[in-house]
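In what follows, a single structure is set out as C-alpha cells and then discussed.
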Amino acid sequence: MEENIKLNKKGLFNPSGDISINAKAIVNGTSTNINDLNNIKYKWVSNWYRQAISNFWIPEEVNMNQDIKDYRKSLTIAERRSYNKTLSFLIYLDSLQTLNLPNINEYISAQEVSFCINLQCFQEDIHSQSYAYILDTICSPDERNSIIYDFKNDSIMLKRYEFINGKYEEFIDNPNLISFIKVLVANYILEGLYFYTGFMFFYNLGRNSKMNGTAQIIRKVNKDENNHLSLFKNIILEFKKEHKEIFTLEVESILENMIKEACIQEIEWGFYIIGNEIRGLNIDMIKDYIKYLGNIRATSIGLKPIFEGHLKEPLSMSWVSNFSKDDYIKLDNYGNSSLYSKSSTLKDDL
Ligand SMILES: [Fe+2]
Ligand SMILES: [Fe+2]
C-alpha cells in the first residue's frame, strides 16, 4: 500500500508514546493510549460527551397501551405495512451500527474521540432494545419474527441492506486513509439520511394521533441520532484538517456521489414503503425532504450541494423537525391542521 494513505490500528498500551496534546490525532496518532481526559485536544468532545450521556433513557419509560389498540384497530392496511417495514429497516440500521462502530474505533487514536464512539455504540444498543420493546408490546411472536426478518422474503429490502453493508465492508477489506474517509461519510449518511424517512413516517402517524408511544420512543432515538450525526460531522472535519492531502477534487467528488446515490436510494425507498398511500405524506414531500437533507449533509462537511435548489427545509415538512423537539407538546397551536388536535397525548419526560 502507498505509504501516504497508510492507516494504522491504534493497538494497546504504547509506553513510548508521545504525551503532548499536539501529538494527538484522529488516526495515526502516537499516543500512549492511556485515557488522559485531563488533556484533551478536541474541545468539542466535553460538551458532546456530557450531552450524549445526559440523554440516557430506557424504552420502558414509554407507555404503549394505546399503541397495542392502534396497531390492530386504527392503522390502515397501508399504514401497517409501512409501519412494519420501517421498523424492520431501523432494526437493521441499528444492528449494523453496533457491528461496525468498533471497526472504525480500532483506528481512532485520540482517546477522547474513541470514548464518544463507545458511547454511541451503547446508545445504538438501547435503540435495538427499544425496537424489541415495541415489538414485544404490540405483536405476537410470529408477527415479531416476520418484521425483524422481513429481508428474507423482500428482495428490495435485501438489496438495500446489502448495499449499505457493502459500503462498510469496503473499509474492513481494505483499511487506508481513503477508505477511512469513505466509511466516515457512509456512517454520516446512515445517521443523517437513512434514519430520517423512518422518523418522518412515525411522526406522521403521531400527528394523526396513531401509535403515539412509538412516536415518543422514536423521538428519543432521533435525539441520539442527531448527536451521532454531529459526532461524525466533527470527526470528518477534524480528519480533513489533519489530512488535507486526502481531500483532492477526485475524493470530494467520490464523497458527493456517495451522498447523491444515498439520496436517490432513500427516495426510491420512500416510494416503496410510503408511496401515496399514507394520509399526511406523499411522494413529492418525501423527495423534497430527502433532497434538502442531502444538501445540508453535504454542505455541513464542506462539500458542494448535491441537488440544485433544496437548500431550505421544505415548508410542507417543517412539522418533522418540530415533532422531534422536546417542547413539541407545548406548541398547542402549532400548524393549522386538525391532525394536531390530539398531539398533547404525547408526553416527553426527558
Ligand atoms: Fe441508533
Ligand atoms: Fe446512531
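Letter by letter, the sequence shown follows residues 780 to 1129 in this note's numbering. Yeah, the Cβ is synthetic: ideal placement off N, Cα and C, and Gly gets one too.
Kindly identify the DSSP beta-bridge partner or partners of residue i.
i	result
Val-806	Ile-887
Since residue i and residue j are thought to touch, with beta carbons under 8 Å apart, how far apart are those beta carbons, to the nearest angstrom?
i	j	result
Arg-1076	Gly-971	5 Å
Leu-791	Asn-807	About 16 Å separates the two Cβ atoms, so there is no contact after all.
Leu-984	Ala-994	6 Å
Ile-913	Ile-847	10 Å between Cβ atoms; not a contact.
Glu-891	Tyr-821	6 Å
Thr-811	Asn-793	5 Å
Ile-800	Asn-814	Incorrect: roughly 14 Å between the Cβ atoms, too far for contact.
Glu-896	Asn-884	Note that residue 896 is Ile in the sequence shown here, rather than Glu. The Cβ separation is near 5 Å, so the contact holds.
Ile-1046	Lys-1066	5 Å
Are the C-beta of residue i and some C-beta of chain B separated by less than 8 Å?
i	result
Ser-867	Given the protein chain composition of this structure (a single chain), no chain B is represented.
Excluding the five sequence neighbours on either side, which residues of its own chain have a C-beta within less than 6 Å of the C-beta of residue i, listed in chain order?
i	result
Ser-1095	Met-1064
Asn-1036	none
Ile-1015	Leu-963, Ile-1080
Ala-1147	In the structure displayed, the chain extends from 780 to 1129; residue 1147 sits before or after that span and is not available.
Asn-783	none
Val-1000	His-906
Asp-1106	Bear in mind that the predicted position of Asp-1106 carries a pLDDT of just 46, short of 50, making it unreliable; the figure below should be weighed with that in mind. Answer for Asp-1106: no residue qualifies.
Gly-796	Thr-809, Ser-810, Thr-811
Glu-1004	Glu-970, Phe-974
For ligand 2, is there any heavy atom lying closer than 7 Å to the beta carbon of residue i?
i	result
Glu-1045	no
Asp-904	no
Asp-1003	yes
Gln-899	yes
His-1007	yes
Glu-922	no
Glu-970	yes
Check whether the Cβ of residue i sits closer than 7 Å to any heavy atom of ligand 1, and report yes or no.
i	result
Gln-876	yes
Asp-933	no
Met-1000	Correcting the residue type first, residue 1000 is Val in the shown sequence and not Met. Checking every heavy atom of ligand 1 against the Cβ of Val-1000, one is found closer than 7 Å.
Asp-815	no
Asp-846	no
Trp-873	For the sequence presented, residue 873 should be read as Asp rather than Trp. Asp-873: yes, Cβ under 7 Å from ligand 1.
Which residues in the same chain have their Cβ closer than 7 Å to the Cβ of residue i, if we skip the five residues on either side of it in sequence?
i	result
Ile-1052	Ser-861, Lys-864, Thr-865
Asp-904	Thr-877
Asp-849	Lys-989, Met-990
Glu-949	Ser-958, Lys-961
Ile-935	Tyr-1051
Gly-1059	Asn-983, Arg-986, Asn-987, Leu-1118
Gly-1054	Ile-1062
Glu-1031	Leu-1082
Thr-916	Met-843, Asp-846, Ile-847
Lys-788	Glu-885, Tyr-886
Excluding the 5 residues preceding and the 5 following residue i in the sequence, name in chain order all residues of the same chain whose CB lies nearer than 8 Å to its CB.
i	result
Leu-969	Leu-872, Leu-875, Gln-876, Ile-943
Glu-839	Tyr-912
Asp-933	Lys-864
Tyr-910	Leu-866, Leu-869, Ile-870, Asp-873
Exercise. How do the region 853–865 and the region 967–985 stand: do at least 3 beta-carbon pairs fall below 8 Å, yes or no?
Worked result: yes
Problem set entry | Cβ contact check for the region 950–969 and the region 846–864: 3 or more pairs under 8 Å | These segments do not touch.
For this session: Spell out a yes or no on whether the region 1027–1045 and the region 1083–1092 are touching, meaning 3 or more CB-CB pairs, one atom from each, closer than 8 Å.
Result: yes
Exercise. Looking at C-beta atoms only, is the number of pairs between the region 1020–1027 and the region 836–844 that lie closer than 8 Å three or more?
Worked result: no
For this session: Mind the definition here: the region 896–910 touches the region 830–838 only if three or more C-beta pairs lie below 8 Å; say whether that holds.
Result: A contact between stretches requires three or more CB pairs, one per stretch, nearer than 8 Å, and the region 896–910 meets this requirement with the region 830–838.
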